[in-house]
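Everything below concerns the one structure shown next.
In my numbering, the protein residues as written are 315 to 402.
And the structure:
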């Protein structure tokens, strides 16, 4: 346990940032599963909606720093292949 005031603040900040990053990555995984479900059902309207939301979340996570830019690009490419019907 830290004794120094600045280290206590840094630990709190690190924990808060970790939870924010986990929130983004968890949401991305959830929406990826929702997109896969929509693709398996074959509903074009739902596929478009879920894909749009997933891409938006990935872009926000990259902008926020929760994901590396290349990781975000890779996830977006996989989502696009899934949406088009090509196996990811």
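For glycine and all other residues, C-beta sits at the position ideal for the given N, C-alpha and C.
(request) Measure from the alpha carbon of residue 367 to the alpha carbon of each residue in 329, 331, 348, 392, then state which is nearest. (result) When the alpha-carbon of residue 367 is set against those of 329, 331, 348, 392, the nearest one is in 348.
(request) In angstroms with no decimal places, state the Cα-to-Cα distance between residue 325 and residue 333. (result) The C-alpha of residue 333 is placed about 12 Å away from the C-alpha of residue 325.
(message) Please classify residue 377 as buried or exposed, where buried requires at least 16 other C-beta atoms within 10 Å of its C-beta.
(response) By the neighbour-count definition (other C-beta atoms within 10 Å, threshold 16), residue 377 is an exposed residue.
(request) Quick one: which unbroken alpha helix (DSSP H) runs of 4-plus residues sit fully inside the segment 322–386? Chain order, please. (result) You should have 358–378.
(message) For residue 414 and residue 387, which I take to be in contact (beta-carbon distance under 8 Å), what is that distance rounded to the nearest angstrom?
(response) Because the chain in this structure spans residues 315 to 402, residue 414 falls outside the shown range and cannot be described.
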